[in-house]
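Q: My structure is below; once you've seen it, I'll send some questions.
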Amino acid sequence: KALDEAELSAAGRKLADQGVDAIGVCFINSYLNPAHETRAVELLNHEFPDIPITASTVVAPEIREYERASTVAANAYVLPLMRRYITDLRQKLVGMGLQGPLNVMLSGGGIASLDVAQETPIQMIESGPAAGAISGAYYGKLTSSESVIAFDMGGTTAKMCLIENGEPEHSNSFEAGRVKRFCHGSGLPLKVPVIDLIEIGAGGGSIAYIDAMGLMKVGPASAGSEPGPVCYGQGGEEPTVTDADLLLGYLSPDYFLGGEMPLEMDLVRTAIDKKLSQQTGLSVIEAASGIHAIVNSNMAAATRRYIAEKGRDPRRYTLIATGGAGPVHAYGLAKQLKLGRIICPLGAGVSSALGFLIAAPATDRVTSYVRPVKDLDPDAVNAFYETMQKDAVAALIDAGADADNITIRKRVEMRYVGQGFEIDVPLPDGQFDGTFADILHERFLERYDELFGRRISDVPVETITWRLTASGPTPHIDLNFDGQQIDKDNALKGVRDAYFPETGYIPCNVYSRYGLSPGTEIKGPAVIEERESTVVAGPDTTLRVDEYLNLIIDIHYDK
Numbered sequence: 005k006a007l008d009e010a011e012l013s014a015a016g017r018k019l020a021d022q023g024v025d026a027i028g029v030c031f032i033n034s035y036l037n038p039a040h041e042t043r044a045v046e047l048l049n050h051e052f053p054d055i056p057i058t059a060s061t062v063v064a065p066e067i068r069e070y071e072r073a074s075t076v077a078a079n080a081y082v083l084p085l086m087r088r089y090i091t092d093l094r095q096k097l098v099g100m101g102l103q104g105p106l107n108v109m110l111s112g113g114g115i116a117s118l119d120v121a122q123e124t125p126i127q128m129i130e131s132g133p134a135a136g137a138i139s140g141a142y143y144g145k146l147t148s149s150e151s152v153i154a155f156d157m158g159g160t161t162a163k164m165c166l167i168e169n170g171e172p173e174h175s176n177s178f179e180a181g182r183v184k185r186f187c188h189g190s191g192l193p194l195k196v197p198v199i200d201l202i203e204i205g206a207g208g209g210s211i212a213y214i215d216a217m218g219l220m221k222v223g224p225a226s227a228g229s230e231p232g233p234v235c236y237g238q239g240g241e242e243p244t245v246t247d248a249d250l251l252l253g254y255l256s257p258d259y260f261l262g263g264e265m266p267l268e269m270d271l272v273r274t275a276i277d278k279k280l281s282q283q284t285g286l287s288v289i290e291a292a293s294g295i296h297a298i299v300n301s302n303m304a305a306a307t308r309r310y311i312a313e314k315g316r317d318p319r320r321y322t323l324i325a326t327g328g329a330g331p332v333h334a335y336g337l338a339k340q341l342k343l344g345r346i347i348c349p350l351g352a353g354v355s356s357a358l359g360f361l362i363a364a365p366a367t368d369r370v371t372s373y374v375r376p377v378k379d380l381d382p383d384a385v386n387a388f389y390e391t392m393q394k395d396a397v398a399a400l401i402d403a404g405a406d407a408d409n410i411t412i413r414k415r416v417e418m419r420y421v422g423q424g425f426e427i428d429v430p431l432p433d434g435q436f437d438g439t440f441a442d443i444l445h446e447r448f449l450e451r452y453d454e455l456f457g458r459r460i461s462d463v464p465v466e467t468i469t470w471r472l473t474a475s476g477p478t479p480h481i482d483l484n485f486d487g488q489q490i491d492k493d494n495a496l497k498g499v500r501d502a503y504f505p506e507t508g509y510i511p512c513n514v515y516s517r518y519g520l521s522p523g524t525e526i527k528g529p530a531v532i533e534e535r536e537s538t539v540v541a542g543p544d545t546t547l548r549v550d551e552y553l554n555l556i557i558d559i560h561y562d563k
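Heads up, the sequence shown is in the numbering used here, so the first residue is 5 and it goes up one at a time.
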């Protein structure tokens, strides 16, 4: 049927009269034929030039209208804000005399041009955590760690990502704003390429409280930066994870942010006593220890579930801890997961910034082509892959990539006919010919057997969504610290008591990170301080500094 342009204009006018900031357009079958959706956007742009219009076939051109509609609605929601932000950022950078190219980080871990931020900003929804995962992958390679859990913990959230052989795991969908921590379907479904990670409300600012059952809980509510934790002395009254870490001796009241922000110990004692101890009968120290243990337990439970869903054994992983609070809690988290090694990079508190610098330019394209494998037309597949590749390469060149140094990866989502969801199957390089159907069928069976331990050869198989990823080379960054000024004479700053569950308070040597040279070895317990973060290691550990100034912490379990 022809598009009813009069009805479309009337609907647009109604929205405009209501003062909407943006409009998203999603037609149920546009993934097969986008002509009506494209025409609708043209008409609305002409009639309402001041309202940003976004189309589902631009944001997520694939099957399943609910997820596609959800994604385009979210994209429309953030579009006006992002366009204003980018315009303001450009003006300020030019005003500072900075003339270099300005690119953005995508949730899938790639770098793209500003056009993405101005048209499909929803692709950036997990760009910060993605940068942290890229950083974790980099340090995994640097330390020859094949299986890595990249753990980043900041002020409000903790993120975990599995990395195998230097590559973070990826997903083609994401749920934003889950109302139940581990419950699939309790958030807003988005069809965007993302680095596959988990994110929970556990950070330095997470608030501890007593629930209706009289049990102590931590998070996901956060004190934020204003007023922040009680110890900031800015009016906060609710005890937080950072407050507990201070009271347990992990943080220095005199060296927070490199000494720029003194912390108020007495305020913390008063707040924990009033909000927690008086309601539970616990001492202030017991309550603080409980806060630290609970937040570690929350993160460990999430990580176990995440790893179990992928059929992996957590004990073979190395934990790479970043973020302002990550190195403080890495030891407790690793103990709960029975991990043997922790790596804390220098400058762990700003490690995500490094992830931005070492991310390769990359972009994704998608086409839904639903066909039984036996009925596939290789020419049709070649045709839409040629279109996707041409579009993706042009986008990468626009982001500064070298046209002669772009890698193309193809994959397809497939399922047995009658199933509700698909599995991801990598495709061979090059053009597809008459043998393609047989090769694809066998690849599906191999992948299905790998994931589920069975092959079902007598049930028909179909293809659903075809994907292409184009990426440039990873920028080379040489972490060479040969000229680093290391103040060995002042490496040991002193001794302070720190609390560990097995021992209670015990004396801990406190070291300056900037006094530890490559080859330095330390026996735990120890606290190592730097401007952006603090590393805590228990009494059953040994620590050494490698050539890149990473702290390698080995935990020794009783056999």
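Ideal placement from N, C-alpha and C gives every residue a C-beta, glycine not left out.
1) Kindly provide the ranges of any beta strand (DSSP E) runs that are 3 or more residues long and lie completely inside the segment 198 to 258, ordered along the chain.
2) If you run the structure through DSSP and keep just helix, strand and coil, what is isoleucine 32?
3) What is the C-beta distance between valine 82 and proline 125, in whole angstroms, given that I count them as a contact (C-beta under 8 Å)?
4) Considering only their Cβ atoms, is the gap separating methionine 220 from threonine 284 smaller than 8 Å?
5) Roughly how many angstroms separate the alpha carbons of leucine 93 and glycine 207, rounded to a whole number?
6) List, from N- to C-terminal side, the beta strand (DSSP E) runs of 3 residues or more that fit wholly inside the segment 436 to 478.
7) Could you work out which residue in His445, Val499 and Tyr515 is closest to isoleucine 490 when comparing CA atoms only?
8) Answer with buried or exposed for proline 133, where buried requires no fewer than 16 other C-beta atoms within 10 angstroms of its C-beta.
9) Considering Cα atoms alone, identify which of Arg459, Val465, Ala403 and Gln423 is closest to alanine 441.
10) Below 8 Å CB to CB, which residues in the same chain sit around valine 385 once its five sequence neighbours on both sides are set aside?
11) Could you have a look at alanine 405 and say whether DSSP puts it in helix, strand or coil?
12) According to DSSP, what are the bridge partners of serine 576?
13) Spatial neighbours of aspartate 249 within its chain, please: C-beta separation below 7 Å, excluding the five flanking residues on both sides.
14) Closest by CA to serine 521, which one among Gln282, Lys492, Phe360 and Ser177?
15) Leaving out five residues before and five after alanine 396 in sequence, what residues of the same chain have Cβ atoms less than 7 Å from its Cβ?
16) CA-CA distance, aspartate 584 and asparagine 513?
17) So, using beta-carbon positions, are leucine 323 and phenylalanine 52 closer together than 8 Å?
18) Look at the alpha carbon of glutamine 122 and the alpha carbon of glutamate 41, and state the distance between them as a whole number of angstroms.
19) Looking at C-alpha atoms only, which residue of Ala530, Asn494, Glu525 and Met86 is the closest neighbour of aspartate 501?
20) Going by Cα to Cα distance, which pick from Ala357, Leu431 and Asp406 is closest to tyrosine 389?
21) Which value, in whole angstroms, describes the spacing of the CA atoms of alanine 80 and threonine 58?
22) Relative to the alpha-carbon of glycine 28, which residue among Ile55, Glu230, His445 and Leu7 has its alpha-carbon at the smallest distance?
23) Give the DSSP bridge partners of arginine 500, in chain order.
24) Three or more beta-carbon pairs under 8 Å between the segment 399 to 407 and the segment 106 to 117, yes or no?
25) Where does glutamate 150 fall in DSSP's three states?
26) In the DSSP assignment, what residue or residues form a beta bridge with aspartate 383?
27) Taking all protein chains shown into account, do 16 or more other C-beta atoms lie within 10 angstroms of the C-beta of valine 234, making it buried, or fewer, making it exposed?
28) Please tell me whether proline 243 and isoleucine 214 are closer than 8 Å, where the distance is taken between their beta carbons.
29) When the Cα atoms are used, what is the spatial distance from methionine 164 to isoleucine 129?
A: Result, derived from the coordinates:
1) Qualifying beta strand (DSSP E) stretches, in chain order: 201 to 204, 210 to 214 and 220 to 226.
2) In this structure, DSSP gives isoleucine 32 a state outside helix and strand, which the three-state scheme calls coil.
3) Indeed they touch by this definition, with Cβ atoms about 5 Å apart.
4) A contact, by the Cβ cut-off of 8 Å.
5) Distance between the alpha carbons of leucine 93 and glycine 207 is about 28 Å.
6) Entirely contained in the segment 436 to 478, the beta strand (DSSP E) runs reaching 3 residues are, in chain order, 465 to 475.
7) Looking at the Cα atoms, Tyr515 is the closest of the given residues.
8) With 16 or more other Cβ atoms within 10 Å, it is buried.
9) Cα-wise, what sits closest to alanine 441 is Val465.
10) Excluding residues within five positions, the ones whose Cβ falls inside 8 Å are Tyr373, Phe436, Phe440 and Trp470.
11) DSSP, reduced to helix, strand and coil, places alanine 405 outside both helices and strands of the structure shown, so it counts as coil.
12) One cannot answer for residue 576 here, as it falls past the ends of the chain, which runs 5 to 563.
13) A distance below 7 Å between beta-carbons, with the five flanking residues on each side excluded, links aspartate 249 to the following residues of its chain, in chain order: Leu255, His296 and Val332.
14) Closest in C-alpha terms to serine 521, from the list Gln282, Lys492, Phe360 and Ser177, comes Lys492.
15) Around alanine 396: Thr367, Arg369, Leu472 and Ala474.
16) No answer is possible for residue 584: it lies beyond the span of the chain, which begins at 5 and ends at 563.
17) Taking C-beta atoms as the reference points, leucine 323 and phenylalanine 52 fail to come closer than 8 Å.
18) Cα to Cα, the separation comes out at about 19 Å.
19) Closest by alpha carbon: Ala530.
20) When only C-alpha atoms are compared, the closest one is Leu431.
21) The alpha-carbon atoms of alanine 80 and threonine 58 are separated by roughly 6 Å.
22) Comparing Cα-Cα distances from glycine 28 to each of Ile55, Glu230, His445 and Leu7, the minimum goes to Ile55.
23) Arginine 500 pairs with Cys512.
24) The segment 399 to 407 vs the segment 106 to 117: in contact.
25) Coil, per DSSP.
26) Paired residue(s): none; aspartate 383 is not in a bridge.
27) Of the residues assessed, valine 234 falls on the buried side of the cut-off, its CB having 16 or more other CB atoms within 10 angstroms.
28) It is not a contact, given that the beta carbons lie outside the stated cut-off.
29) Distance between the alpha carbons of methionine 164 and isoleucine 129: 16 Å.
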